[in-house]
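For the sequence shown, full-length UniProt numbering assigns the number 1 to the initial residue and increments by one for each residue that follows. Where is the CB? At the ideal position from N, CA and C, for every residue including glycine. Take a look at the structure set out below.
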Amino acid sequence: MPDASDQEYIEYVTARLPALRRLAYGLCGDRDQADDLVQETATRLYLRWARIAEVEQLDAYVRTVLVRHFLDIRRRGWWRVHLFGGPPDVRSTEDRGAEERTVLRDALAKVPPRQRAVLVLRFLHDLPVEEVARTLGCSAGTVKSQTSHGLAAMRRLLGDRELAGRTGEER
């Protein structure tokens with residue numbers, strides 16, 4: 001039977017798991033890598049749980065651990081290792097908007113990791129500039145410039161598609 005500290009950890013992680021998976025998937029764009037990122041974050045959290053359980057903004061702390069681990073992995077290049085030649089054959093039902101999400105996810109994957117982290121935190125997780133700056137360990141000005149550069153990159157990558165969608169014609 002787990003002790004009280006372990007029980008608190010289990011309850012916390014269980015409650016936050018969906019949000020952590022969404023954040024990780026937004027950063028990685030791959031379910032397996034996202035699950036690995038969440039697992040590593042949960043492991044790091046467990047190892048420090050006795051010291052951090054009383055942190056005032058625990059969600060922000062955990063989000064910071066996840067994002068910084070993502071950036072660290074990207075710097076090391078481990079994400080380039082593929083264990084299989086292709087994705088598994090998964091049949092799913094028709095999803096309206098799936099093509100747009102796929103195009104957006106593909107474009108986001110081409111944005112540099114730090115800019116991607118800023119865009120995901122700011123726009124998919126609706127965090128204010130100051131919170132993103134604390135998460136990434138940088139200034140608010142850096143977050144703003146990374147946001148600007150990331151959005152410019154996304155505009156370049158999605159430009160033709162966006163214009164065609166707005167005017168209703170192919171370019």
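Where does the unbroken alpha helix (DSSP H) through residue 69 begin, and where does it stop? 58 to 76
Excluding the five sequence neighbours on either side, which residues of its own chain have a C-beta within less than 6 Å of the C-beta of residue 25, listed in chain order? 34
Let me know if residue 97 comes out buried or exposed under the rule of 16 or more other beta-carbons within 10 Å of its beta-carbon. exposed
What are the boundary residues of the alpha helix (DSSP H) that residue 103 is part of? 98 to 110
Enumerate in chain order the residues of its own chain whose CB-to-CB distance from residue 40 is below 8 Å, with the five nearest sequence positions on each side excluded. 69
First through last residue of the alpha helix (DSSP H) which encompasses residue 5: 4 to 28
Tell me the residue span of the alpha helix (DSSP H) that contains residue 134. 129 to 136
Between the C-alpha atoms of residue 149 and residue 4, what's the straight-line distance to the nearest angstrom? 46 Å
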